[in-house]
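J.:
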Amino acid sequence: MHGQVVHSRDGEVVNTYETKTVMFQCKEEIESAIRTLVDGINQLTKNSERE
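Every position in the sequence shown, counted from 1, becomes a number in the working numbering once 10 is added.
1) Can you tell me which of the three DSSP states E61 falls into?
2) Taking only runs of the beta strand (DSSP E) that begin and end inside the region 30 to 54, which ones reach a length of at least 3 residues, in chain order?
3) From E59 to D49, what distance separates their C-alpha atoms?
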């Protein structure tokens with residue numbers, strides 16, 4: 011029974027670590043998406059200034 015408790019604790023630690031990793035990856039993806047969006051807006055602005 012004691013072994014199960016330790017195992018469950020280890021599982022929680024792993025899950026927390028995985029969650030943080032996933033959140034970090036999402037943050038990276040969101041930041042890169044925002045950059046792409048900003049680049050697109052800048053491109054549109056340049057194009058409309060030309061006309």
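Quick reminder that beta carbons are idealized off the backbone N, C-alpha and C, glycines included.
T.: Short version:
1) coil
2) none
3) 15 Å
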